[in-house]
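**Q**
Number of protein chains: 2
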Amino acid sequence: MKAVGIVVEYNPFHNGHLYHVQQAKEKSGADIVIAVMSGPFLQRGEPAIVSKWARTEMALKGGVNIVVELPYSFATQHASIFASGAVDILHSLGCDYICFGSESGNIQEFIQTFDYLQKNEALENEYIKQYVNEGYSYPKAKSFAIEQITSTISGQPLNLSTPNNILGYEYYKAVKKNHYPIELLTIARKQADYHDEYFSSETIASATSIRKEMLKEDSIQSIEPFIPGSTLHILQTYKDNYQVFHTWENYWSYLKFRLLQLTPRELASIYEVEEGLENRIIKYAKQADSFHHFMSLIKTKRYTWTRLQRICVHILTNTTKVEMSNLTKPAYIRLLGTSKMGRTYLKEKKKNILLPVISKLSSYQHHQLDLDIRASRIFAFGAPLSSQQELIDIDYKMPPIMIDTEK
Amino acid sequence: MKAVGIVVEYNPFHNGHLYHVQQAKEKSGADIVIAVMSGPFLQRGEPAIVSKWARTEMALKGGVNIVVELPYSFATQHASIFASGAVDILHSLGCDYICFGSESGNIQEFIQTFDYLQKNEALENEYIKQYVNEGYSYPKAKSFAIEQITSTISGQPLNLSTPNNILGYEYYKAVKKNHYPIELLTIARKQADYHDEYFSSETIASATSIRKEMLKEDSIQSIEPFIPGSTLHILQTYKDNYQVFHTWENYWSYLKFRLLQLTPRELASIYEVEEGLENRIIKYAKQADSFHHFMSLIKTKRYTWTRLQRICVHILTNTTKVEMSNLTKPAYIRLLGTSKMGRTYLKEKKKNILLPVISKLSSYQHHQLDLDIRASRIFAFGAPLSSQQELIDIDYKMPPIMIDTEK
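Residue numbers (my numbering), protein chains in the order written: chain E, 35 to 441; chain B, 35 to 441.
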């Protein structure tokens, strides 16, 4: 059996994701689709709107055959670490292909840019340094540097200022640098742009615009055209059970409590809190009356919004520099869900899977896994008091979700 | 002018306290009454039911002339440290008398017991050690030891198993050990016992029973017979403004969040977390669905309920062993409120007051004061989200309360 890997967050799973799953299978000709998915906290430094379990169910109902968790130490990270963790896991599971979305859907752009940048790495680093010194954030500086270098490539240069292309490029790079025997495929995103806040098509909308709509009203019926029926049902059930869609604002009083409780010195021990940022964060925590207000107070040109959000996630989960200092590669594969074909694949490949596959948390111990457990428990505090205990318990006790029908 | 000092918590100020203030003045013949009062967290390891400002106002309306704050580092402590901090402050303010409540109202008992125990200190320590080794908590062991030693005193021995007598004895000891020129007076408690949960008199009830009644219903009218009218008004205003009477249960989700966020090693750095207690605390935090449930899970014979509650306060305020390691004496006097006569007294004694008197937090810096500021901010999280910011801000900005009429 052959497998195509995809890297996802499904926040929530929508028609664009459905198209991606179908195209990944069709383009690769693989038998099954394996998704590596962020857990409770996402790459852009936000809580997922619903738990990893609800999102796993959406994925399985949407045609994914195996869902595994991208560990916290890779999930809430900038594109390069995020991508390398995800690619390592897909490689460990024996994926023959990785298929990602990009603006143009043309893999040649990635190949060409990668080859060219490989040869000009020193120059790239020099340009980045220069832009950082001018006060730009690292991602901005990098995107400017690459643009400057690749402008001399003949043909279409890869636009590395969009989130999808950046991530795609990092997947490509991780595969190549590790010499993994994985073929990379890309498909063009359908219509909606990543950051679109409004619906612009009849069936495809960005996750951002869908979330915005979900949070606006009591009923989520208005997002029906843009998501599979299974997603709608799962979202509705989640809301009925836990009385919440998780957003940063739900965690604000806990984050603020923690920030008013700690000293600058303690804050400086948290992962990614650098360069005196601790004083700025504590100062504004006292004044801000919402998470958005707080973010707008601490934001400077030097730090991207997403980087600051990731820092806030690390404060919320109490993730320290020391804890993150030795986490270079994923140490295990946490299985979240399988379809029947997914289970057949895992049985067939059993001996060739390169990392321990964990179905039951109590059967495995690793300090990397401790961070996942903690993050999932902290995620529960976004819910009203009456739902917290159930959400705290669920992650530790939950076996992988199994569905028996294939889409 | 002469001053009599009293040590109080006023949680809330009731008719028994009113009687104490009047008796202190009458018995001592002093011109004014100075109260040193715990701030947001109390000796028994609980949040005060209302802020220190509301309680200061109650005190002034009840006839106290000067209210100062017992710093956090002395307030949330066992009887001996609590008493020594309070006595030091009253001494620094030039008090000629200290008047405390006791079971019998007979100072001779305290004098006799102190003299006798002074001579038998070695024996006392030996007995204490013996009882602790048998698994008793330190306060229990101490009370047994003293009982054993003083049983040979001729006349009435001091009963050192009641909270009032224990504290009274510690005040006495602190004065004598420091050779402070302060005369000690004691008055008998009127009727209600410290721990009484039910009303047993027509005008005097314990603070415990009053709080219990306050929390039971929407209206606080039922406590009217037991408190001055001014207290009733202040409590009602507080509830109207902040929508809360603070209890441990209000802080439970924050405490739990923090306990699910930290590692055993980090917890062991918190003041008073000793002997592997960190593992026990973290284990049960995951399971408990209320503060009371949590407390009943972690309670053992070795630790008193109040000691465990104090530990919980230190976790909530993130007070570490390192921060508490050098705090042997109060470093300042935080002024919370004055009557006209109180202000006259302070003016008259200005040059003889032994510690800096702080009216404005921004004008003074000290690491002991940092703990007070933090504790007051953390206290705000017991209120609903909509009142938190106001309560966070108030303590730092609030000038001492001044009233102009004397009772």
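Quick reminder that beta carbons are idealized off the backbone N, C-alpha and C, glycines included.
Note that the coordinates shown come from a computational prediction; the quantities given were computed from them, not determined experimentally.
So is TYR288 of chain B in contact with chain E if we call contact Cβ pairs under 9 Å?
**A** Taking Cβ atoms only, chain E reaches closer than 9 Å to TYR288 of chain B, which makes this a yes.
**Q** For SER171 of chain B versus ARG368 of chain B, is the C-beta spacing smaller than 9 Å?
**A** No, Cβ-Cβ distance for SER171 of chain B and ARG368 of chain B is not below 9 Å.
**Q** Of the residues that make up the segment 301-322 of chain B, which ones have a beta carbon closer than 7 Å to any beta carbon in chain E?
**A** Flagged, chain order: LYS320.
**Q** For the segment 377-397 of chain E, which residues have a beta carbon sitting closer than 7 Å to at least one beta carbon of chain B?
**A** Under the 7 Å Cβ criterion, the segment 377-397 of chain E contributes no residue.
**Q** By a C-beta neighbour count over all protein chains shown, 10 Å radius and 16 as the cutoff for buried, is VAL55 of chain B buried or exposed?
**A** Its Cβ being crowded by 16 or more others within 10 Å, VAL55 of chain B is buried.
**Q** Comparing C-alpha positions only, which one of B:GLY63, B:SER396 and B:ASN49 sits nearest to GLY39 of chain B?
**A** Among B:GLY63, B:SER396 and B:ASN49, the Cα nearest to that of GLY39 of chain B is on B:GLY63.
**Q** Kindly indicate if chain B contains any beta-carbon less than 9 Å away from that of THR351 of chain E.
**A** Closer than 9 Å: yes.
**Q** From which residue to which residue does the beta strand (DSSP E) around SER136 of chain E run?
**A** First-last of the beta strand (DSSP E) with SER136 of chain E: 131-136.
**Q** How is VAL55 of chain B classed by DSSP in three states: helix, strand or coil?
**A** Three-state result, VAL55 of chain B: helix.
**Q** What are the start and end residues of the alpha helix (DSSP H) that includes ILE115 of chain E?
**A** First-last of the alpha helix (DSSP H) with ILE115 of chain E: 113-126.
**Q** In terms of residues, what are the limits of the alpha helix (DSSP H) holding ILE387 of chain E?
**A** Careful: ILE387 of chain E lies outside any alpha helix (DSSP H) and carries neither H nor E.
**Q** How many angstroms separate the CA atom of ASN212 of chain B from the CA atom of MET329 of chain E?
**A** Going from the Cα of ASN212 of chain B to the Cα of MET329 of chain E covers about 52 Å.
**Q** Would PHE328 of chain E pass as an interface residue toward chain B - the criterion being a Cβ-Cβ separation below 9 Å?
**A** No, no contact with chain B.
**Q** Which word fits LYS317 of chain E, buried or exposed, when buried means at least 16 other C-beta atoms lie within 10 angstroms of its C-beta?
**A** LYS317 of chain E comes out exposed.
**Q** Suppose contacts are defined by Cβ-Cβ distances below 9 Å. Is ASN45 of chain B in contact with TYR379 of chain B by that definition?
**A** Not closer than 9 Å, so no.
**Q** What residue does the beta strand (DSSP E) around ILE66 of chain B start on, and which one ends it?
**A** Where ILE66 of chain B is concerned, the enclosing beta strand (DSSP E) stretches over 66-72.
**Q** Where does LEU405 of chain E fall in DSSP's three states?
**A** In this structure, LEU405 of chain E counts as helix in the three-state DSSP scheme.
**Q** Our contact map puts ILE304 of chain B next to ILE349 of chain B with C-beta atoms below 8 Å; I'd like the distance itself, whole angstroms only.
**A** Rounded, the Cβ-Cβ distance is 5 Å, consistent with contact.
**Q** So which of E:PRO298, E:PHE47, E:THR110 and E:ASN198 has the shortest CA-CA distance to GLY96 of chain E?
**A** Closest by alpha carbon: E:PHE47.
**Q** Of the choices E:LYS86, E:GLN255, E:LEU218 and E:GLN321, whose alpha-carbon is the least far from that of LEU425 of chain B?
**A** Comparing Cα positions, the closest option is E:GLN321.
**Q** Taking the alpha carbon of TYR145 of chain E as the reference point, which residue from E:LEU301, E:LYS86 and E:LEU192 has its own alpha carbon closest?
**A** The displayed chain sequence assigns Ile, not Tyr, to residue 145 of chain E. When each option's Cα is compared against that of ILE145 of chain E, the closest is E:LEU192.
**Q** Going by the beta-carbon positions, is the gap between LYS163 of chain B and THR338 of chain B smaller than 9 Å?
**A** No; because the gap between Cβ atoms is not below 9 Å, this pair is not in contact.
**Q** Consider the Cβ of GLN399 of chain E: report whether some Cβ of chain B lies at a distance smaller than 9 Å.
**A** So, not an interface residue.
**Q** Under a Cβ-count criterion, where at least 16 other Cβ atoms within 10 Å of its own Cβ denotes burial, should ASP274 of chain E be classed as buried or exposed?
**A** Label assigned to ASP274 of chain E: exposed.
**Q** Could you check what DSSP says for VAL101 of chain E in three-state terms: helix, strand or coil?
**A** VAL101 of chain E: strand per DSSP, three-state reduction.
**Q** Does DSSP classify PHE279 of chain B as helix, strand or coil?
**A** Correct three-state label for PHE279 of chain B: coil.
**Q** Determine which residues share a DSSP beta bridge with ALA222 of chain E and list them.
**A** DSSP, once it has assigned bridges, lists E:SER136 as partnering ALA222 of chain E.
**Q** So what does THR354 of chain E bridge to, in DSSP terms?
**A** According to DSSP, which records beta bridges pairwise, THR354 of chain E is partnered with E:ILE304.
**Q** Quick one: using the 10 Å Cβ neighbour count with 16 as the cut-off for buried, is VAL356 of chain E buried or exposed?
**A** Under this definition VAL356 of chain E is an exposed residue.
**Q** Which residues share a DSSP beta bridge with ARG368 of chain E?
**A** In the DSSP output, where bridge partners are listed per residue, ARG368 of chain E has E:GLU103 and E:ILE392.
**Q** On the criterion of 16 or more Cβ atoms from any shown chain inside 10 Å, does ILE83 of chain E qualify as buried, or is it exposed?
**A** Under this definition ILE83 of chain E is a buried residue.
**Q** Where does ALA156 of chain E land, buried or exposed, given buried means 16+ other C-beta within 10 angstroms?
**A** Classification for ALA156 of chain E: exposed.
**Q** Which word fits GLY169 of chain E, buried or exposed, when buried means at least 16 other C-beta atoms lie within 10 angstroms of its C-beta?
**A** Per the 10 Å Cβ criterion, exposed.
**Q** So LEU192 of chain B contacts chain E; which residues on that side make the cut at Cβ distance below 8 Å?
**A** Here the premise fails: no neighbours, minimum Cβ distance about 41 Å.
**Q** Tell me which residues of the segment 270-300 of chain E have at least one Cβ-Cβ distance to chain B shorter than 9 Å, keeping chain order.
**A** If the cut-off is 9 Å between Cβ atoms, the segment 270-300 of chain E has TRP286, SER287, TYR288, LYS290, PHE291, ARG292, LEU294, GLN295, LEU296, THR297 and GLU300 near chain B.
**Q** Per DSSP, which one or two residues make a beta bridge with GLN39 of chain E?
**A** Note that residue 39 of chain E is Gly in the sequence shown, not Gln. Paired residues: E:ILE68 and E:ILE132.
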